[in-house]
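Chain order of the listed sequences is A and B. Quick note on this note's numbering: the first sequence kicks off at 2 and runs consecutively. Quick note on this note's numbering: the second sequence kicks off at 136 and runs consecutively. Positions of the beta carbon are idealized from the N, C-alpha and C atoms, including for glycine.
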Amino acid sequence: MDEIIRLIGLTKSYNGNHNAVDNVTLTLNSGRLIGLLGPNGSGKTTLIKMIAGILVPTSGSILVDGQPVGPRTKAIVSYLPDNTYLNDWMRVSEIINYFSDFYADFDVQRAYGMLAQLAINPDDKLKSMSKGTREKVQLILVMSRHARLYLLDEPIAAVDPAARDYILSTIISNVDEGSGVLLSTHLIGDIEHFLNEAVFIQNGRIALYDSVNNIRQREGKSVDQLFREVYRCW
Amino acid sequence: MLVKLIKHEFYATWKVMLIFETVLLCLGVAGFLLMGALVGTVTGSNRPNNDSVISMLVTSSITWFVVYALSLFAVSIGTLVFLTVRYYRNLYANEGFLTFTLPVETRDILHAKMIVGYIWQISTFLLIGFSIFLTLSGVYWNLPMSARNEVTKELFDIFRDFREFPLPLFILHCLIIPLHSLMTIYFCISVGQLWYKHKIGGAVICYFALRFINKIIGSGVSIHNMITAINFEGNMSINRIFTRSFGFSLIYECVWLIAFYITIRYVNDHQINLG
């Protein structure tokens with residue numbers, strides 16, 4: 002397995018006093034589905050944004066597939082943010098053209114196939130769609146790339162259980178062998194069975210990083226149970 | 136990748152800009168027809184005898200000119216506002232999550248915005264000129280022959296007086312103005328990103344601060360130019376004033392443009408903070 006992400010002393014502070022991510026050093030390998038687990042405000046989204054290149058670290062460095070964050074890493078990273086980032090005046094087919102123009106690894110056939118499965122008309126404009134459908138379109142675009150690394154920020158938050166199943170199956174069935182997935186969530190129970198490794202993050206620091214099997218054996222409980230104990234609010 | 140960015144930038148903006156450009160053309164054609172008809176009626180051989188009708192026609196002409204001037208102003212402001220909103224949304228609002236994760240250099244993103252924005256600004260600028268030219272043509276060609284000859288003679292006299300007018304400097308100045316106004320807005324929006332919260336408020340403060348500085352420097356330089364343009368005999372040379380003021384404006388705007396460009400590049404490369 003190749004190393005896909007290396008974080009060295011990574012820190013991001015807002016307003017100079019609050020460290021959203023605090024001196025994180027971590028190496029993640031490709032070919033794994035890794036859960037980035039932590040409660041709201043623990044620094045998951047900040048960490049993912051820095052790896053994606055839309056947030057500049059205060060200090061430390063990030064290497065993706067051995068390269069510092071830049072156009073070359075963006076060409077191999079497929080990023081799903083926790084909000085909608087598509088131009089809502091565009092038709093789905095226009096957005097597909099946009100993606101295929103910029104990303105050499107974008108699979109147009111796969112995108113249209115997934116749209117057909119969900120009965121989404123490629124000629125529809127995004128602004129005419131419901132929030133849930135727009136999120137599905139975004140997921141389809143992100144998962145239609147043959148990327149080396151998928152960064153998925155809270156893909157199953159705020160969706161109903163049926164949509165959650167669809168999203169998870171789409172992710173699992175479309176990730177190429179050898180690609181890495183870093184998926185942030187606080188809904189552990191739904192994804193635990195799919196995960197190879199788990200990274201627990203708390204107050205911007207890595208609290209635990211191990212394979213899911215090791216965690217279960219060592220702790221004698223599921224990752225979900227451990228998460229509830231580690232992050233209990235009382 | 137720059138070519139692709141430019142292509143998609145055009146694609147994202149052409150529909151709205153086409154509406155603006157069509158409005159400008161329609162205003163020009165309407166001005167040509169309406170002003171021509173009004174001037175022809177008031178000054179022609181079939182001129183109405185009734186003074187109240189003539190006064191009504193003159194009032195209509197003035198009203199049209201006011202509406203026309205306001206419309207031109209609205210379209211030029213509308214173009215800038217549209218390009219501003221596009222820049223903000225596409226870079227620093229939700230769409231920025233996609234724009235800044237494209238496998239392109241951040242400088243190319245800025246260059247595409249600058250090139251496309253400038254082309255639209257210049258085309259609006261040219262169409263405003265063409266629209267005014269059409270309207271004035273409507274007036275000119277509907278004047279009686281004697282009046283037309285008089286106007287032509289006056290125009291030649293004006294051109295003769297301004298034969299030393301620094302035309303190349305003036306054209307260069309006209310070409311820089313749209314880029315300067317565009318980059319001023321882009322700069323303010325980008326600087327607004329340095330605020331942790333209230334990013335739009337930060338951009339607005341930056342804009343007014345910049346305007347204030349420009350006004351002070353511009354006024355000082357204008358007064359200096361006026362004073363130094365008076366020659367030893369105490370005569371004021373208009374052409375010398377123009378040459379100095381266009382020359383200064385060119386250098387001044389170019390210095391600002393370089394500062395704007397470097398700052399935007401710095402913000403996009405080192406301070407990007409999409410939240």
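Worksheet item: Under a three-way DSSP split, which group does Asp-23(A) fall into?
Response: strand
Discussion item. For Leu-183(A) and Ile-52(A), what's the separation of their Cα atoms in angstroms?
Written reply: If I take the Cα positions, the gap works out to 10 angstroms.
Worksheet item: Should Val-251(B) be flagged as near chain A, meaning a C-beta pair shorter than 7 angstroms?
Response: no
Fill in: Buried/exposed call for Ala-204(B), threshold 16 Cβ in 10 Å
exposed
Practice prompt. Within the same chain, show all residues whose beta-carbon is closer than 8 angstroms to that of Thr-28(A), passing over the 5 residues directly before and after it, in chain order.
Written response: Glu-4, Ile-6, Arg-7 and Leu-8
Item to complete: Look at Tyr-11(A) and Val-25(A) and say whether their C-beta atoms are less than 7 angstroms apart.
Response: Looking at the sequence itself, residue 11(A) is Leu, so the reference to Tyr does not match. Yes, the Cβ-Cβ distance between Leu-11(A) and Val-25(A) is below 7 angstroms.
Worksheet item: In terms of DSSP beta bridges, what is Gln-68(A) paired with?
Response: For Gln-68(A), the pairing in a beta bridge is given by DSSP as Val-65(A).
Worksheet entry | C-alpha gap between Tyr-210(A) and Leu-227(A), whole angstroms | If you draw a straight line from the Cα of Tyr-210(A) to the Cα of Leu-227(A), it comes to about 13 angstroms.
Worksheet item: Whole-angstrom Cβ separation of Leu-81(A) and Asp-154(A), contact assumed at under 8 angstroms?
Response: Right, their Cβ atoms sit about 6 angstroms apart.
Worksheet entry | Unbroken alpha helix (DSSP H) run spanning Ile-263(B), endpoints | 241-276 is the span of the alpha helix (DSSP H), which, as asked, contains Ile-263(B).
Worksheet item: What do you reckon, are the CB atoms on Val-339(B) and Met-170(B) nearer than 7 angstroms?
Response: no
Practice prompt. Name the two residues that bound the continuous alpha helix (DSSP H) containing Leu-196(A).
Written response: No alpha helix (DSSP H) holds Leu-196(A); DSSP gives it neither H nor E.
Worksheet entry | Collapsed DSSP secondary structure at Leu-201(A) in the structure displayed | Residue identity check: residue 201(A) is Phe in the sequence provided, not Leu. Strand.
Worksheet entry | Cβ neighbours of Tyr-15(A) in the same chain (closer than 8 angstroms, five flanking residues each side left out) | Ala-21
Fill in: First through last residue of the beta strand (DSSP E) which encompasses Tyr-210(A)
206-212 is the span of the beta strand (DSSP E), which, as asked, contains Tyr-210(A).
Item to complete: Closer than 9 angstroms by beta-carbon distance: list the chain B residues that pair up with Leu-56(A), in chain order.
Response: Ordered by position in chain B, the residues that pass the 9 angstroms Cβ test against Leu-56(A) are Ile-407, Asn-408, Leu-409 and Gly-410.
Worksheet item: For Asn-84(A) versus Asn-229(B), is the C-beta distance shorter than 7 angstroms?
Response: yes
Item to complete: Would you check if the distance between the CB atom of Thr-171(A) and the CB atom of Met-130(A) is smaller than 7 angstroms?
Response: Going by beta carbons, Thr-171(A) and Met-130(A) fall outside the 7 angstroms limit.
Discussion item. So Thr-219(B) contacts chain A; which residues on that side make the cut at Cβ distance below 8 angstroms?
Written reply: Against chain A, the beta carbon of Thr-219(B) has no neighbour under 8 angstroms; the closest one sits roughly 17 angstroms away.
Worksheet item: Leaving out the 5 sequence neighbours to the left and right, which residues in its chain are closer than 8 angstroms to Ile-35(A) when beta-carbon positions are compared?
Response: Leu-29, Gly-181, Val-182, Leu-183, Leu-184, Leu-196, Asn-197, Glu-198, Ala-199 and Val-200
Worksheet item: Should Leu-153(B) be labelled buried (16 or more other beta-carbon atoms within 10 Å of its own) or exposed?
Response: Exposed, since its Cβ has fewer than 16 Cβ neighbours within 10 Å.
Worksheet item: Going by DSSP, which residues form a beta bridge with Glu-4(A)?
Response: In the DSSP output, where bridge partners are listed per residue, Glu-4(A) has Asn-30(A).
Practice prompt. Just mark His-315(B) as buried or exposed, buried being the case when its beta carbon has 16 or more other beta carbons within 10 Å.
Written response: buried
Worksheet entry | Those residues which DSSP pairs with Lys-142(B) across a bridge | Lys-142(B) is not bridged to any residue.
Item to complete: With 7 angstroms as the threshold, decide whether the Cβ of Ala-45(A) is near any Cβ in chain B.
Response: Per the sequence shown, the amino acid found at residue 45(A) is Lys instead of Ala. Output row for Lys-45(A): interface = no.
Worksheet item: DSSP puts Lys-13(A) in a beta bridge; with which residues?
Response: Val-22(A)
Worksheet entry | Leu-409(B) in three-state terms, based on DSSP | coil
Worksheet item: First and last residue of the alpha helix (DSSP H) that includes Tyr-331(B)?
Response: Looking at the DSSP string, Tyr-331(B) is not in any alpha helix (DSSP H), and its letter there is neither H nor E.
Worksheet item: Assuming Asp-125(A) and Val-93(A) make a contact with CB atoms under 8 angstroms, what is their CB distance in whole Å?
Response: 6 angstroms
Practice prompt. With 7 angstroms as the threshold, decide whether the Cβ of Tyr-151(A) is near any Cβ in chain B.
Written response: With 7 angstroms as the cut-off, Tyr-151(A) does not count as an interface residue toward chain B.
Discussion item. Excluding the 5 residues flanking Ile-320(B) on each side, which residues of the same chain have their C-beta closer than 6 angstroms to its C-beta?
Written reply: Thr-219
Item to complete: Would you list the residues sitting across from Val-182(A) in a DSSP beta bridge?
Response: Leu-34(A) and Tyr-151(A)
Worksheet item: Looking only at DSSP bridge pairs, what is Tyr-167(A) linked to?
Response: Paired residues: none, contrary to the question.
Discussion item. Taking its Cβ as the centre, do 16 or more other Cβ atoms sit within 10 Å of Ile-97(A), making it buried, or is it exposed?
Written reply: buried
Worksheet item: Which one of Phe-200(B), Val-177(B), Pro-238(B) and Phe-208(B) has the shortest CA to CA distance from Arg-73(A)?
Response: Pro-238(B)
Fill in: Interface flag, Glu-230(B) vs chain A, CB-CB below 7 angstroms
yes
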